[in-house]
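Encoded as structure tokens, the structure appears first; notes follow it.
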DNA sequence: TGCAATGCATA
DNA sequence: GTATGCATTGCAA
């Protein structure tokens, strides 16, 4: 470093607060009962800075009485700050005493905040040739950063980072640190109660800044915004300006930087020692003496300081006494107390016999007993929610209501495997029925131990999904609804998620037993309940032949996961940035010069003055050329440069939702992405996918669909096969309605939308215009969703009355379709539900509502649910059959994904021809309709190519 | 930290 | 107009 003098300005309150909250979980209280956390925290930071940096000049700045100017501007300023904690209030005078003893100047100015004092001083020092370091964690200070003014910012886990101009540019994505003020003004700051612009947070503020550069320019160009955002910002321009003012650090506080006064000289060691002794700071006293004793130039790194002792070893599982483990020795049942029918039962109020099984002989006896059962409910307890990484902590079993056993699993992997081996005959027994709640999870966990769950299955969650798809199906809800019983909550055992949540392994064995066996017991009781109801709802077949077999299929697919080119994924984010650069270059080339694409002003001049893309460019209120979305997309088809600009704008969204998110979901152990298919959330019978959702990977836009390139085959011996049903929902509605005209079109392999257009607009098939086909397509989809003229006119260029006319003509063309629709609605009115081809029901309680809006929605559901649901039924059948054939044929090919009407396979190349035939045949013949089903196959080295 | 509202990705 | 999941934001704790 040069010989330039260095001034450190310390933001006292920021460091005091930070120190105080650092100890919040474990406050420092001395023998006099004084909470010294804040003092300790602050002094640690201060000494740390001195020791590390040895500043020539240093001062500590405090607030006094808040900022009168800002309160004048905005009465709410800092109004919602919590009352300052007591420990901080008492800390301030003590810290000031210590500073005096250390001969460190204290800067305060009534009516000004420390920010303003520091700002003013740093600018003065800059003029005098100093390098200034503002010691504060508060990001507001970034606006002051210049070539000679830096932020010196404590970071979590110790250490500091220095923010100069490049750091601020990067962090806030701005050119000039002064734009930090605009940034803060836009996004607001809840702790200072700076309102900001409504609806604008960090991401949006950065976007705006890149595009408009400042608050003022944003407000001058709100016409370019869309939707709610536009309304909100236009309505709150003044608030934005005010917010910016509030966020601005003042530079004209009446204080003077006096170099001599600020020189860091020797402290009054005795005085400081006395205060520290009084506070009972022993370590800090040592630290202080070391810092100021002359010979300490560098601090030894060998000294094992602080945190080392804090390392917490997870509590070992309590090894209970032998008696507790004995199989039949302990009866911890509780007598039933009389409960009114309004009081829910719990484990405490109902009689039960739950017991843990000890290792050794007890386990052998237990398993012998287990093997004699014909139907057993089980529930695994694990260390987490992700079955790929979770380890078994125990398994609960129950085959008699009110009674059950819990087998804890050792943490040691080999021992756990030995134990599961003993249970293998049970799980793999074909003759013992297995009952569970969400068995897919347990099956996946056990698969990780190489155990296959065989035999008949009964999943209470799936059963209830068929009985009442609109409800939720978690066990607590089911127990309360059907058994009038409240199970022990998981949070009671392991705490709320986040900070101190325990792993199931850390829970006492007795509690584990109570909790786990209770789950198994309740599940068993629910099974008895739902068994009857399944028959009554006529969905037994759907349960046995679709949902239960599908559960095995899904667990296999989920465990398999899909390969992601990890290098590609990890770099895709940067590649996108490269793409942006390429787009920029291409735009510059076309434009013939470089300019700021993000600036609408410059862009408008380039497009409409230089390139003269249109004769009469649309202008905005402020007289500038409009470059808004709708203007540009209108020009997009004729000009590549416009497409590039639109792409450029759309990238950030893509990046955050997919490109940056997906790599974090790659499982370390497998290098693959394992989605979780939800079998019980979609009321229509569809699956849904989450963590991550692989059913909404972009495909419509060129840039978006690039994400699909990241989904690749297992290795070079494999290829991806995508098989999708063509127009399955329209085929279903044609078949169900028996509308011959439409059925014929499908039988003849016609382009259905063109065919519809030809009939509705009464033109020969080969003379259908693009627009006619497009409108016909919209109506076809509208039918599936339960059309209204209003909805149709929103989707097309047609007016409301034209839409109505089109729909009327459509119904005239396909009269049976109209019949079908009214039949569905009538059926729903009479029965309260509609159903799919396989009898999957959806109950529509609002179908007879007197509220037309509510009733209308129910009527659309009545039309859509059987269509969407039947399509779901059919692909589920195909999946089950394909799964079985893949196993039976011992193929290496795996089924990986389902996207509603599409299946994706990882095909072993030598099997390709066989698999293509197999998949196509199984999908097309999954269910017999009066309309042929048609499946398109595509292969490729990634999911994008396979389309 | 958890919730609702908004907007947008898919079929 | 149907069915989902998720990122971001603001607000309530």
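In the UniProt record's numbering, the protein residues as written are 1 to 947. Backbone N, C-alpha and C define an ideal beta-carbon position, used for all residues, glycine too.
Where residue i falls, given that 16 or more other Cβ within 10 Å makes a residue buried
{"i": "residue 45", "result": "buried"}
{"i": "residue 282", "result": "exposed"}
{"i": "residue 266", "result": "exposed"}
{"i": "residue 492", "result": "exposed"}
{"i": "residue 847", "result": "buried"}
{"i": "residue 692", "result": "buried"}
{"i": "residue 800", "result": "exposed"}
{"i": "residue 208", "result": "buried"}
{"i": "residue 838", "result": "buried"}
{"i": "residue 894", "result": "buried"}
{"i": "residue 16", "result": "buried"}
{"i": "residue 258", "result": "exposed"}
{"i": "residue 307", "result": "For residue 307, the pLDDT reaches just 31, beneath the cut-off of 50, and the residue's location in the model is therefore unreliable, leaving the point undetermined."}
{"i": "residue 664", "result": "exposed"}
{"i": "residue 858", "result": "buried"}
{"i": "residue 542", "result": "buried"}
{"i": "residue 763", "result": "exposed"}
{"i": "residue 939", "result": "buried"}
{"i": "residue 182", "result": "buried"}
Residues of its chain near residue i, where Cβ-Cβ distance is below 8 angstroms and the 5 sequence neighbours each way are ignored
{"i": "residue 787", "result": "779, 807"}
{"i": "residue 298", "result": "Below a pLDDT of 50, predicted positions are generally treated as unreliable, and residue 298, at 38, falls in that range; no measurement from the model is reported."}
{"i": "residue 752", "result": "727, 730, 742, 745, 746, 780"}
{"i": "residue 655", "result": "573, 576"}
Residues near residue i by beta carbon distance below 7 angstroms, same chain, minus five either side
{"i": "residue 439", "result": "457, 459, 551"}
{"i": "residue 710", "result": "564, 565, 568, 569, 572, 662"}
{"i": "residue 137", "result": "14, 18, 153, 154"}
{"i": "residue 125", "result": "7, 132, 257"}
{"i": "residue 70", "result": "77, 246"}
Cut-off 6 angstroms between Cβ atoms - residues of its own chain near residue i, not counting five sequence neighbours on either side
{"i": "residue 932", "result": "none"}
{"i": "residue 878", "result": "922, 923, 926"}
{"i": "residue 766", "result": "none"}
{"i": "residue 410", "result": "416"}
{"i": "residue 689", "result": "675, 677, 695"}
CB contact flag (residue i, residue j, <8 angstroms)
{"i": "residue 478", "j": "residue 840", "result": "no"}
{"i": "residue 379", "j": "residue 396", "result": "yes"}
{"i": "residue 154", "j": "residue 18", "result": "yes"}
{"i": "residue 432", "j": "residue 374", "result": "yes"}
{"i": "residue 717", "j": "residue 909", "result": "yes"}
{"i": "residue 122", "j": "residue 107", "result": "no"}
{"i": "residue 558", "j": "residue 675", "result": "yes"}
{"i": "residue 723", "j": "residue 902", "result": "yes"}
{"i": "residue 553", "j": "residue 880", "result": "yes"}
{"i": "residue 984", "j": "residue 686", "result": "Here the chain comprises residues numbered 1 to 947, so residue 984 is not present and cannot be evaluated."}
Any non-hydrogen atom of the ligand SAM closer than 7 angstroms to residue i Cβ
{"i": "residue 144", "result": "For the ligand SAM, the structure offers nothing, since it holds no ligand at all."}
Whole alpha helix (DSSP H) elements within the segment 360-447, 4-residue minimum | List check, alpha helix (DSSP H) in window: 361-371, 413-427.
Should the segment 368-379 be called in touch with the segment 640-654, which here means at least 3 C-beta pairs below 8 angstroms?
-> Taking a cut-off of 8 angstroms on C-beta distances, the segment 368-379 does not touch the segment 640-654, as fewer than three cross pairs fall below it.
Secondary structure, alpha helix (DSSP H): runs of 4+ residues fully inside the segment 734-794 | Taking 4 residues as the shortest admissible run, the segment 734-794 contains the following complete alpha helix (DSSP H) segments, listed from N- to C-terminal end: 740-747, 752-760, 770-785.
Can you check the segment 125-170 for any beta strand (DSSP E) of at least 3 residues that lies completely inside it and give the ranges in chain order?
-> For the segment 125-170, the continuous beta strand (DSSP E) assignments of 3+ residues that do not extend past its boundaries occur at 131-135, 149-154, 160-163, in sequence order.
At least 3 beta-carbon pairs within less than 8 angstroms: the segment 91-102 vs the segment 226-233 = Counting C-beta pairs closer than 8 angstroms gives fewer than three between the segment 91-102 and the segment 226-233, which falls short of the contact rule.
Which ranges does the alpha helix (DSSP H) cover as unbroken runs of at least 4 residues, wholly within the segment 690-715, from first to last along the chain?
-> Entirely contained in the segment 690-715, the alpha helix (DSSP H) runs reaching 4 residues are, in chain order, 702-705.
Any chance the segment 206-220 sits against the segment 266-275, with 3 or more Cβ pairs inside 8 angstroms?
-> No, because fewer than three Cβ pairs between the segment 206-220 and the segment 266-275 fall closer than 8 angstroms, the two stretches do not touch.
For the segment 172-244, list the alpha helix (DSSP H) runs that are entirely contained and at least 4 residues long, ordered along the chain.
-> As far as the segment 172-244 is concerned, its whole alpha helix (DSSP H) runs of at least 4 residues are 179-187, 202-212, 215-220, 227-235.
Which residue spans inside the segment 453-504 form an unbroken alpha helix (DSSP H) run of at least 4?
-> Fully enclosed alpha helix (DSSP H) runs of 4 or longer: 460-467, 475-482, 490-494.
Residue ranges of each beta strand (DSSP E) within the segment 23-99, 3 or longer = Annotation note: the segment 23-99 contains the following uninterrupted beta strand (DSSP E) runs of length 3 or greater, listed N- to C-terminal: 57-61.
Does the segment 245-265 come close enough to the segment 117-131 that 3 or more CB-CB pairs lie under 8 angstroms?
-> Judged by pairs of C-beta atoms under 8 angstroms, the segment 117-131 touches the segment 245-265, as three or more such pairs exist.
Any 3 or more C-beta pairs closer than 8 angstroms across the segment 407-423 and the segment 442-457 | Counting Cβ pairs under 8 angstroms, three or more are found: they touch.
Does the segment 516-533 touch the segment 393-410, meaning 3 or more C-beta pairs lie closer than 8 angstroms?
-> Using a C-beta cut-off of 8 angstroms, the segment 393-410 makes contact with the segment 516-533, since at least three inter-stretch Cβ pairs fall below that distance.
Counting Cβ pairs, one atom from each stretch, are 3 or more of them under 8 angstroms apart for the segment 187-201 and the segment 234-244?
-> Counting Cβ pairs under 8 angstroms, three or more are found: they touch.
Meets three-Cβ-pair contact criterion under 8 angstroms: the segment 826-837 and the segment 846-866 | In short, these stretches touch, since the Cβ pair count reaches three.
Complete runs of the beta strand (DSSP E) confined to the segment 546-614 [at least 3 residues] = Runs of the beta strand (DSSP E) spanning 3 or more residues and lying entirely within the segment 546-614 occur at 562-564, in chain order.
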